[in-house]
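Number 306 in the UniProt record's numbering belongs to position 306 of the sequence shown; there are no gaps in the numbering.
Just so you know, even glycine gets a beta-carbon here, dropped at the ideal spot from N, CA and C.
Down below is the structure, laid out as structure tokens.
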Amino acid sequence: MTELLEIENLSVRFPVRKKGAGWGGKTYLTAVDSVNFTVRKGETLAIVGESGSGKTTAALAIARLVTGETTGQVRLEGKDILPLQQEQLKAMRRKVQVIFQDPYSSLNPRQRAEDIVREPLDSLTGKSASEKAAIVDELFAAVGLRPEQKRLFPHQFSGGQRQRIGIARALSTRPEVIICDEPVSALDVAVQAQILNLLRRLQADFGLTYLFISHDLGVVQHMCDSVAVMYMGKIVEHADRIALFSNPQHPYTEALLSAVPSVDAKRREETRRILIPGDPPDPLNLPKGCRFASRCPIAEPRCSESEPPLKQAGNGGMVACHLREAG
Ligand code: SF4
1 MTELLEIENL SVRFPVRKKG AGWGGKTYLT AVDSVNFTVR KGETLAIVGE
51 SGSGKTTAAL AIARLVTGET TGQVRLEGKD ILPLQQEQLK AMRRKVQVIF
101 QDPYSSLNPR QRAEDIVREP LDSLTGKSAS EKAAIVDELF AAVGLRPEQK
151 RLFPHQFSGG QRQRIGIARA LSTRPEVIIC DEPVSALDVA VQAQILNLLR
201 RLQADFGLTY LFISHDLGVV QHMCDSVAVM YMGKIVEHAD RIALFSNPQH
251 PYTEALLSAV PSVDAKRREE TRRILIPGDP PDPLNLPKGC RFASRCPIAE
301 PRCSESEPPL KQAGNGGMVA CHLREAG
């Protein structure tokens, strides 16, 4: 498999008003800080972390959908897509599509289902009306919706069916990469499994590459080939799925994994729930050392002195922790 997506030093920052500096004074909140990773064609990389970790901002920056100041490189098939404008940007948007988190708010309530699915074809391609109609028919079948449902409005569908419409819309331009932004977190557990199975089948049928954003490691475990864990805008651990779930290296990953319920009674007994005390640091006033130090159960004095870089870990992946580097 070849590298389809290469992310190098990706940072995103947003201007915010400086406290006590009046309307003119501003500072920047760095939501994503020098993130690096690659994804091979046909693979699924999960980006996980708590709310505010920067995972969604990083993914949407890759789709050129954030308003913040974005720097670094996002190479799709070897070409940096961050500087693209107009027609080139349109071509890129055909290749990178998004499935949004909330199937209730992400669909226009005044559009019929067939118009929603056809919309990217209207705005991004020059296909004829008959070609577009044929694609919409094919996609309704591919996501498990019936032909007679094409004329219905979003409120006439269940939550799971609405997400199927969102998936069909994302597939309409035959993208290479789909960013799945918490695609099942707004759905009932029983429906979640159906949508996850659908996403896996479509990945095989259409040769898709997924960036799968989630805070739920239970879901991630069934979907991904590799996992990047983010905390306060940084990747703190990145490893293949089996290594990360069987031998997590970063204390934050360990705590997240300890909260995943297991159906295995023995594993349930063996796994002690690790609670993460305290709050994350102020993103406008980050510490000079490890950003996890104030909450880390194994922190040492040196952790507050210098920021740990991402280095080779004992499980074959990468970890940003002074105490967990390989060797
Ligand atoms: Fe904890 Fe120190 Fe590792 Fe940070 S560098 S995760 S504070 S042990």
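In this structure, Leu121 places its C-beta atom within 8 Å of the C-beta atom of Lys132. For Gly207, same chain residues with a beta-carbon under 7 Å away, outside a window of 5 residues either side, are Gly42 in chain order. The continuous alpha helix (DSSP H) containing Ser130 extends over residues Ala129 to Ala142.
Set against 7 Å, the gap from the CB of Leu256 to the closest heavy atom of ligand 1 is not smaller. Rounded to whole angstroms, the separation of the alpha carbons of Gly52 and Ala170 is 25 Å. Within the model, the alpha-carbon separation for Asp33 versus Ala61 is close to 12 Å.
For Phe100, no beta strand (DSSP E) segment is defined, and its DSSP state is neither H nor E. In this structure, His250 has its beta carbon less than 7 Å from a heavy atom of ligand 1. Cβ-Cβ distances below 7 Å link Leu187 to Gly159, Gly160, Gln163 and Ile195 in the same chain, with the five nearest sequence neighbours on each side left out; the list follows chain order.
Comparing alpha carbon positions, the residue from Ile167, Leu5, Cys290 and Pro154 closest to Thr38 is Leu5. Its chain contains Thr271, Arg272, Arg273 and Ile274 as the residues whose beta carbon lies nearer than 7 Å to that of Ser258, once the 5 sequence neighbours on both sides are disregarded; these appear in chain order.
With a cutoff of 7 Å, Leu82 does not count as near ligand 1, since its C-beta is closer than that to no heavy atom of the ligand.
Going by beta carbons, Ile47 and Ala228 fall inside the 8 Å limit. Using a Cβ distance threshold of 8 Å, Ala299 and Ile179 do not count as a contacting pair. Ranked by Cα distance from Phe14, the first of Gly233, Pro261, Ala239 and Asn247 is Gly233.
Check the Cα spacing between Thr67 and each of Glu3, Ser11 and Phe292: the tightest is with Ser11. Counting the other CB atoms within 10 Å of its CB gives Asn315 a total of 16 or more, which places it among the buried residues.
Secondary structure of Asn285 (DSSP, three-state): coil.
Annotation for Glu300 indicates a beta carbon within 7 Å of some heavy atom of ligand 1. Of the residues assessed, Leu284 falls on the exposed side of the cut-off, its CB having fewer than 16 other CB atoms within 10 angstroms.
Put simply, the backbone Cα of Ala239 is about 6 Å away from that of Met318. Taking non-hydrogen atoms of ligand 1 into account, the C-beta of Phe292 is found less than 7 Å away from one of them. Rounded to whole angstroms, Glu182 and Val220 show a C-alpha spacing of 10 Å. Under a 10 Å Cβ-count criterion, Ala63 is classified as buried, with 16 or more other Cβ atoms of the shown protein chains found around its own Cβ. Within the segment 39-78, the complete alpha helix (DSSP H) runs of at least 4 residues fall at 55-62.
Taking the Cα positions, Glu119 is about 18 Å away from Val177.
By a beta-carbon distance limit of 8 Å, Thr2 does not contact Tyr210. Their separation comes to about 16 Å. Shortest gap from the CB of His322 to any heavy atom of ligand 1: under 7 Å.
Inter-residue distance for His155 and Ala142 is about 21 Å (C-alpha atoms, whole angstroms). Closest by C-alpha distance to Ala255, out of Glu148, Cys296 and Ile116, is Cys296.
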